[in-house]
Every structure is written in structure tokens, then in C-alpha cells.
Amino acid sequence: MIEKKNILGVGITNASRKEILEYIIKNLENFKKKLFFVTPNPEFLVLASKNPTFKNVLNRANLASADGIGVIIAAKFLGKPLKGRFTGVDLVENLCKQVAVKPITVGFLGGWPGVAERTAECLRKKYPGLKVSFAGEEWPNDLNTRQPRVSDDSRLQKSENQSLNSASLSKSRLPSDAQPTFSSSKSGLPRDNNLTMKQFNNETIDILFVAFGAPKQEFWISEYLEKIPVKIAIGVGGAFDYISGKTPRAPLFLQNIGLEWLFRLIMQPWRIKRQLSLLQFIWLVIKEKLSKN
């Protein structure tokens with residue numbers, strides 16, 4: 001298990017991109033239990049400070065890579081430096097590049113109508129060997145009984161099942177506080193969907209990228225991972241919009257100096273309301289620092 005560091009009550013994985021990718025692929029090649037992967041940014045941590053249920057879901061995740069320069073700066077300020085950040089967009093790109101040469105399948109769930117399909121198409125063109133098992137904005141209901149094969153050490157999966165089902169999320173629908181706050185999409189709740197059924201080629205999905213926006217995607221994964229034929233589920237927020245070309249991404253030099261958020265704000269002025277949560281984040285970090293001194 002990769003080490004986590006507690007940042008404002010949420011465990012953040014302290015690992016490099018290479019270590020995270022190796023951990024995921026190793027788990028798939030020697031499959032013993034399903035993995036739940038989240039990508040917290042400052043908005044996640046602000047919401048988690050107000051919503052104990054969301055905080056619990058984040059802390060049950062096997063991996064939680066820092067998505068956002070704010071988390072990296074805060075961790076260093078609090079004396080808990082992290083090895084680096086791994087945004088949802090970069091995670092999708094890097095994973096697809098690596099698994100394209102392996103017998104590993106991927107799926108794309110969520111986003112605006114048609115965006116998951118366009119994302120899959122873009123990545124298949126970029127990485128010709130990529131094996132896409134599913135692409136759609138909603139999950140088809142009649143696939144929810146199939147499970148991936150597990151190794152003989154089934155006790156590990158049994159333990160994981162109990163952990164994921166122990167909270168109030170075991171209900172058949174998402175809790176009321178699981179509505180998307182950071183990005184918009186369809187509900188994604190399991191139901192019959194002929195379009196997505198046609199795009200599913202009747203096999204287990206090794207890696208499912210879920211783009212419902214936070215906190216909905218995290219609640220959805222926590223609720224349904226053990227009920228669907230998926231080995232690893234990763235919440236990736238608005239990654240599909242950038243990969244598909246629906247939304248332009250910041251130039252690389254802005255990404256490298258941690259100003260991607262500013263580019264997004266300029267391109268999408270409506271984000272100003274979301275940026276106000278950064279003030280809350282800064283206050284939470286300062287308060288945490290003062291409480292330790």
C-alpha cells in the first residue's frame with residue numbers, strides 16, 4: 001500500500017506519477033481486489049471539511065493523488081510535503097498510453113452527451129492499441145451483476161466489500177448531498193441504455209474512468225464499484241472535456257508553473273464562484289497550521 005499523508009483530514013497519496021502508474025498496473029496484472037481512486041483538489045478538501053460523509057468516502061479510496069497545485073503548496077506549508085501532483089487529465093492520458101500495449105481494457109463513463117465517446121475515439125487515435133470496452137454518459141443497468149474474476153485470495157475482496165458497504169451509501173440511490181458541485185453531467189445512475197449497451201463488448205472493464213464531477217463521481221464509485229464488472233474505478237472530473245477537445249487546456253508552460261487554474265478562469269469566467277472556495281481552503285490551511293504550533 002502506498003503511503004498517504006493527512007492533509008486537512010483527507011489522506012493524500014504520497015507517490016510519484018511513475019509509482020502510481022506501476023501500482024495500478026501491478027494490481028491489474030495480479031488482481032486480488034478492486035481499487036477506488038480519487039483525485040482531490042482544494043475544492044474537494046473544502047467540501048470534505050463540511051461534509052463528513054464525503055470525507056469518509058475520500059478516505060476509503062485506495063489511491064488519492066493531488067489534483068491541483070493548491071494541495072501541493074498546502075502540504076508543504078503544513079510540513080507534509082508530497083512527491084507531486086497528478087491531475088485527472090494527465091492520469092487518463094498516462095494510463096491509456098501505458099495500457100495500450102497490454103491486454104488491459106478501459107471504459108469511459110460520464111460527461112456531457114457524446115463526450116465520453118469522443119474521448120475514447122481521441123485516445124484510440126493517439127494510442128492505437130488501446131482497448132475500449134465501454135463509452136457512454138450513463139451506466140447500463142443490466143450489466144450490474146457481472147464481476148471480474150478474482151484470484152484465490154478472495155478474502156481480500158470480501159473485506160473490501162464490507163468496507164464499501166458499511167456506510168449509508170449502501171442505499172440504492174445516491175445521498176442527497178451527492179449532487180455535482182464542480183462540474184455537470186447526466187445522473188449516471190444505473191439504468192437501461194441501448195446506446196451504451198451497444199458500445200459494451202461483453203467483457204470486464206479493467207479501468208473505468210468516471211467523469212460525473214465531484215462529489216457525485218466519488219459517491220457513485222463507492223456505491224457501485226462492488227456491483228459492476230470493473231476492477232479499478234477512477235474519478236476524473238472534467239478530464240473528458242479537455243481530452244475530447246470540448247474545452248481547451250492551458251498551455252504546458254502554465255501547467256508547469258501551477259497556473260492552469262488561471263487559464264481556466266479566463267476561458268470560463270463563470271468559474272469565479274468556484275474560485276471563492278480557494279479562500280476557504282487557504283483559511284483552513286492556516287487554521288490547521290496554527291493549531292499545530
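Just so we're aligned: 250 in the working numbering is position 250 of the sequence shown, and the numbers increase by one with no gaps anywhere.
C-beta atoms are modelled at their ideal positions from N, C-alpha and C, and glycine is treated no differently.
Is it buried or exposed, residue i, if we count other Cβ atoms within 10 angstroms and call 16 or more buried?
i, result
"Leu123", "buried"
"Gly129", "exposed"
"Asn65", "Correcting the residue identity first, residue 65 is Ser in this sequence and not Asn. Result: buried."
"Pro269", "exposed"
"Leu276", "exposed"
"Leu28", "buried"
"Ser222", "buried"
"Ile72", "buried"
"Ser166", "Caution applies to Ser166, whose pLDDT of 34 falls short of 50 and renders its modelled position unreliable; the value that the coordinates give is listed next. Exposed."
"Ile286", "exposed"
"Ser184", "Below a pLDDT of 50, predicted positions are generally treated as unreliable, and Ser184, at 36, falls in that range; no measurement from the model is reported."
"Leu284", "buried"
"Arg146", "Bear in mind that the predicted position of Arg146 carries a pLDDT of just 41, short of 50, making it unreliable; the figure below should be weighed with that in mind. Exposed, since its Cβ has fewer than 16 Cβ neighbours within 10 Å."
Below 8 Å on the Cβ atoms is my contact criterion, and I expect residue i with residue j to pass it. Report the Cβ-Cβ distance as a whole number of Å.
i, j, result
"Gly107", "Leu254", "Gly107 to Leu254, Cβ: 30 Å. No contact."
"Ala239", "Val92", "5 Å"
"Ala100", "Ala116", "Incorrect: roughly 18 Å between the Cβ atoms, too far for contact."
"Ala48", "Lys55", "4 Å"
"Gly11", "Asn59", "5 Å"
Could you pull out every residue in the same chain whose Cβ sits closer than 8 Å to the Cβ of residue i, ignoring the five residues on either side in sequence?
i, result
"Ile298", "The structure shown does not extend to residue 298, since the chain spans only 1 to 293, so no value can be given for it."
"Gly245", "Arg118, Cys122"
"Val210", "Leu109, Gly110, Gly188, Gln217, Trp220, Ile221, Ala233, Ile234, Gly235, Val236"
"Leu225", "Lys34, Phe36, Leu164, Ala233"
Out of the options, point me to the one whose CA is closest to residue i's CA.
i, options, result
"Gly70", "Ile282, Arg274, Ala100", "Ile282"
"Leu279", "Ser244, Pro52, Val46, Arg17", "Val46"
"Lys293", "Ile221, Glu138, Val115, Leu78", "Looking at the sequence itself, residue 293 is Asn, so the reference to Lys does not match. Out of Ile221, Glu138, Val115, Leu78, Leu78 has the C-alpha closest to the C-alpha of Asn293."
"Ile205", "Thr13, Val132, Ala211", "Val132"
"Pro40", "Met267, Ala75, Phe31", "Ala75"
"Ile104", "Ala61, Asn30, Phe54", "Asn30"
"Arg349", "Glu43, Asn59, Asn51, Gln98", "No information on residue 349 is available, as it lies outside the stretch 1 to 293 that the chain covers here."
"Gly114", "Tyr127, Glu22, Ile243", "Ile243"
"Lys273", "Lys26, Glu19, Gly11, Glu43", "Glu43"
"Lys102", "Tyr127, Ala15, Asp241, Val230", "Tyr127"
Take residue i and list the residues in its own chain whose beta-carbon comes closer than 6 Å to its own, dropping the five residues that flank it on each side.
i, result
"Thr87", "Asp67"
"Glu218", "Val38, Val57, Gly235"
"Asn193", "The pLDDT assigned to Asn193 is 34, lower than 50, so where the model puts this residue is not dependable, and the model offers no usable value."
"Thr13", "Ile2, Lys4, Leu63, Ala64, Ser65"
Would you say residue i faces chain D, with C-beta separation under 9 Å as the test?
i, result
"Ile72", "Judged by its chain identifiers, the structure shown contains no chain D, having just a single protein chain."
- prompt: Between the segment 74-84 and the segment 5-22, do at least 3 Cβ pairs fall closer than 8 Å?
  reply: Look at the beta carbons and you see the segment 74-84 touching the segment 5-22: at least three pairs across the two are nearer than 8 Å.
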